[in-house]
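In the numbering used here, the protein residues as written are 1440 to 1605.
Positions of the beta carbon are idealized from the N, C-alpha and C atoms, including for glycine.
Notes follow once the structure below has been shown.
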């Protein structure tokens, strides 16, 4: 199914604006246009990443009522680096997110950097075999990494958590 942007479920601002000569009519058109601009700007995803909770600009539906949208929050968790961790001894890093019964995590992702210019995503799967991987998970307190290989050469690592709080 296709539709024109004005019929979309998101904000769309036409790039042409004709302002009439009559000030009263122009005032109404400009007021409406600027209201649409503000709504469209507020609907855009904010490309900020920080170790404090931020509103992303994303909105998620509410199950049972798709017209009720909820804000998505983003928080970066600085892992420092990757430790020599295993399934029996995982790397736990406190995320500091207030987890409640209403918290829903929508995304968990990250990356790690080895100063020798190697970069890997988190979670990581080594396709060359041997099961060399890094599992990424989260509980009510920590971001958790488990693996069966020493990745301690990766001295910088971040995980991004996006979530709904209501």
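Euclidean distance between Cα positions of residue i and residue j
{"i": "residue 1497", "j": "residue 1510", "result": "6 Å"}
{"i": "residue 1494", "j": "residue 1515", "result": "12 Å"}
{"i": "residue 1523", "j": "residue 1562", "result": "16 Å"}
{"i": "residue 1442", "j": "residue 1488", "result": "With a pLDDT of 43 at residue 1442, under the threshold of 50, the modelled position of that residue is not reliable, and the figure given next carries that caveat. Straight-line Cα distance between these residues: approximately 33 Å."}
{"i": "residue 1455", "j": "residue 1472", "result": "10 Å"}
{"i": "residue 1481", "j": "residue 1474", "result": "11 Å"}
{"i": "residue 1531", "j": "residue 1601", "result": "18 Å"}
{"i": "residue 1507", "j": "residue 1486", "result": "23 Å"}
{"i": "residue 1589", "j": "residue 1529", "result": "12 Å"}
{"i": "residue 1505", "j": "residue 1605", "result": "15 Å"}
{"i": "residue 1476", "j": "residue 1462", "result": "20 Å"}
{"i": "residue 1502", "j": "residue 1484", "result": "22 Å"}
{"i": "residue 1557", "j": "residue 1534", "result": "25 Å"}
{"i": "residue 1465", "j": "residue 1459", "result": "5 Å"}
C-beta atoms of residue i and residue j nearer than 9 Å
{"i": "residue 1543", "j": "residue 1499", "result": "yes"}
{"i": "residue 1595", "j": "residue 1527", "result": "no"}
{"i": "residue 1525", "j": "residue 1585", "result": "yes"}
{"i": "residue 1587", "j": "residue 1571", "result": "yes"}
{"i": "residue 1457", "j": "residue 1479", "result": "no"}
{"i": "residue 1536", "j": "residue 1598", "result": "no"}
{"i": "residue 1545", "j": "residue 1583", "result": "no"}
{"i": "residue 1591", "j": "residue 1520", "result": "yes"}
{"i": "residue 1538", "j": "residue 1579", "result": "yes"}
{"i": "residue 1553", "j": "residue 1593", "result": "yes"}
Status (buried if at least 16 other CB within 10 Å, exposed otherwise) for residue i
{"i": "residue 1549", "result": "buried"}
{"i": "residue 1513", "result": "buried"}
{"i": "residue 1518", "result": "buried"}
{"i": "residue 1573", "result": "buried"}
Per-residue DSSP class, three states only, for residue i
{"i": "residue 1472", "result": "helix"}
{"i": "residue 1464", "result": "helix"}
{"i": "residue 1518", "result": "strand"}
{"i": "residue 1493", "result": "strand"}
{"i": "residue 1444", "result": "With a pLDDT of only 49 at residue 1444, under the threshold of 50, the placement of this residue in the model should not be trusted; the figure read from the coordinates follows. DSSP places residue 1444 in helix when its eight states are reduced to three."}
DSSP bridge partner residues for residue i (one or two, in chain order)
{"i": "residue 1558", "result": "1552"}
{"i": "residue 1601", "result": "1513 and 1546"}
{"i": "residue 1498", "result": "1510"}
{"i": "residue 1539", "result": "Beta-bridge pairing links residue 1539 to no other residue."}
{"i": "residue 1531", "result": "1583"}
{"i": "residue 1486", "result": "Note: residue 1486 sits in no beta bridge, so no partner."}
{"i": "residue 1575", "result": "1584"}
{"i": "residue 1504", "result": "1501"}
{"i": "residue 1526", "result": "Paired residue(s): none; residue 1526 is not in a bridge."}
CB contact below 9 Å: residue i versus chain C
{"i": "residue 1560", "result": "Chain labels in this structure do not include chain C; a single protein chain is all it has."}
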